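Take a look at the structure below.
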């Protein structure tokens, strides 16, 4: 287990329309809720080319480490008309994820072959304290970790014994 890195670089955020469409319309995504947060997630094999430009054979670019988990946050306008409130909730959710993402990344390190795309959606019409948002995020990430553990091959566990 490595020490957690408490950062959320741009590479760990979903900003590609293709990736968003694949997450919501692809059919391979699943969802779970810890009210008022809902996470829609999709586990894929790592190493896929996600629409990135492919380098020519004669070029030798520096190897770019693909993030194990990418996320995005959505707060519907129907719950909060004012952008100030929507942005505050998005900041709270991103901060809660940033501080607790090690729960997931440790499991993804063990799996080695999985890449996770997630969208956190706010489903309530009231704002919560940051501590409460972090508690719900921790609950969701722990449940998601258990789901990912079920996806990892069991042959690795028998070799360790």
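Residue numbers (my numbering): -8 to 152.
Positions of the beta carbon are idealized from the N, C-alpha and C atoms, including for glycine.
All values derive from a computational prediction rather than experimental measurement.
Looking at the structure shown, is residue i part of a helix, part of a strand, or coil, going by DSSP?
i          : result
residue 5  : coil
residue 42 : Because the pLDDT of residue 42 is 43, which lies under 50, any placement of that residue in the model is unreliable, and the number read from its coordinates should be weighed accordingly. In the structure shown, residue 42 sits in coil (DSSP, three-state: anything other than H, G, I, E or B).
residue 75 : helix
residue 53 : Unreliable placement is indicated for residue 53, whose pLDDT of 48 sits below 50; the coordinate value is still reported in the next sentence. Here residue 53 sits in coil by DSSP.
So which of the options has the shortest CA-CA distance to residue i?
i           : options               : result
residue 139 : 77, -1, 109 and 120   : 109
residue 34  : 105, 134, 112 and 126 : 105
residue 115 : 125, 68, 74 and 102   : 68
residue -1  : 80, 91 and 8          : 91
residue 194 : 13, 88 and 58         : The chain is shown from -8 up to 152; residue 194 falls before or after that span and cannot be answered.
residue 119 : 81, 136 and 32        : 81
residue 17  : 8, 141 and 24         : 8
residue 95  : 72, 14, 6 and 137     : 137
residue 124 : 89, 2, 61 and 93      : 89
Give the range of the alpha helix (DSSP H) segment to which residue i is assigned.
i           : result
residue 28  : First-last for residue 28: 28 to 36, but that is the beta strand (DSSP E), not the alpha helix (DSSP H).
residue 139 : 121 to 142
Since residue i is in the beta strand (DSSP E), which residue starts that stretch and which ends it?
i           : result
residue 194 : This structure does not reach residue 194, given that the chain is present from -8 up to 152, and the question cannot be answered.
residue 59  : Looking at the DSSP string, residue 59 is not in any beta strand (DSSP E), and its letter there is neither H nor E.
Please confirm if the region 14 to 28 is in contact with the region 121 to 135, defined as three or more CB-CB distances below 8 Å between the two stretches.
-> Yes, the region 14 to 28 touches the region 121 to 135.
Those runs of the alpha helix (DSSP H) which lie wholly inside the region 78 to 125 and span at least 4 residues = Segments of the alpha helix (DSSP H) lying fully in the region 78 to 125: 93 to 102.
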